[in-house]
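Residue numbers (our numbering): 1 to 274.
Heads up, the beta-carbon is just placed ideally off N, CA and C, and yes, glycines get one too.
Predicted model only: the values in this text are computed from it and were never measured.
Below is one structure, written out as structure tokens; the observations come after it.
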């Protein structure tokens, strides 16, 4: 009971507040309390201890000190950075990596080919701008028929539909049946824009598939040149001529020219003795 009374009495006591900064010292900011001084003092002592440890380390440093790690570490912007050593790649590993590259590129090329086939089946390439324009030839017996010829009348369709290569109904079909699908101009423009976008995508995929095929062929050629089991045969043509042929081989994009002029005298000498 007494404890509860003391707690109730404390709640009614006067609130003791910390003294604020005097008026003539307002320009100095808030009055620093002991907890603020404690934080500042601890930070100052921590920095002084760190500087003292650095001075001690500099005084006790051995100028002849050496560690093997020093050969692999360099100082960059005050920070020790370990040099990344280049791994030596053997010819077998290089051949394996290029084989994997060929398989990966071939996989991507097959995926592009499948996407191209799917787009072709959807678009049919009927009104594609890059497609070669077909010709429709009409034959007549007299020049009078040629002068009186009208394409719309001959095809029995509306003049507005003459330029279309697909979905070109006749006039009787238009009179009997209703027009299905989108008819307003905005919808037709949107459909034409989407179709043109698909055609552009198809063109890009075809070009990408061609480039992947060329890259795969180049990598396969380099891999074959690295193969030591298959020897490259040199064929000397026209031994009797004074201008020997020069055979060119491309190995890793470095052109190696094999001049057969040195081998011709010995070959001719052997033929003359036989």
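Whole angstroms are fine: how far does the CA of residue j sit from the CA of residue i?
{"i": "residue 191", "j": "residue 199", "result": "12 angstroms"}
{"i": "residue 8", "j": "residue 33", "result": "30 angstroms"}
{"i": "residue 105", "j": "residue 65", "result": "53 angstroms"}
{"i": "residue 201", "j": "residue 94", "result": "35 angstroms"}
{"i": "residue 159", "j": "residue 210", "result": "41 angstroms"}
{"i": "residue 193", "j": "residue 186", "result": "11 angstroms"}
{"i": "residue 137", "j": "residue 161", "result": "18 angstroms"}
{"i": "residue 16", "j": "residue 53", "result": "44 angstroms"}
{"i": "residue 57", "j": "residue 68", "result": "20 angstroms"}
{"i": "residue 123", "j": "residue 135", "result": "21 angstroms"}
{"i": "residue 55", "j": "residue 72", "result": "26 angstroms"}
{"i": "residue 96", "j": "residue 77", "result": "40 angstroms"}
{"i": "residue 172", "j": "residue 107", "result": "52 angstroms"}
{"i": "residue 79", "j": "residue 100", "result": "39 angstroms"}
{"i": "residue 74", "j": "residue 59", "result": "22 angstroms"}
{"i": "residue 49", "j": "residue 2", "result": "52 angstroms"}
{"i": "residue 109", "j": "residue 102", "result": "10 angstroms"}
{"i": "residue 27", "j": "residue 42", "result": "26 angstroms"}
Would a C-beta distance cut-off of 9 angstroms place residue i and residue j closer than the cut-off?
{"i": "residue 219", "j": "residue 98", "result": "yes"}
{"i": "residue 153", "j": "residue 169", "result": "no"}
{"i": "residue 40", "j": "residue 31", "result": "no"}
Please determine, among the options, the residue with the shortest C-alpha to C-alpha distance to residue i.
{"i": "residue 222", "options": "91, 57, 4", "result": "91"}
{"i": "residue 207", "options": "142, 116, 140", "result": "116"}
{"i": "residue 204", "options": "113, 2, 142", "result": "113"}
Does residue i come out as helix, strand or coil in the three-state DSSP assignment?
{"i": "residue 81", "result": "strand"}
{"i": "residue 110", "result": "helix"}
{"i": "residue 162", "result": "coil"}
{"i": "residue 76", "result": "strand"}
{"i": "residue 200", "result": "helix"}
{"i": "residue 214", "result": "helix"}
{"i": "residue 1", "result": "coil"}
{"i": "residue 137", "result": "coil"}
{"i": "residue 243", "result": "Summary for residue 243: the model assigns pLDDT 46, below 50, so the residue's position carries little reliability; its value from the coordinates is reported in the next sentence. Coil at residue 243, not helix or strand."}
query: Contact between the stretch 77-93 and the stretch 203-215: three or more CB pairs below 8 angstroms?
result: no
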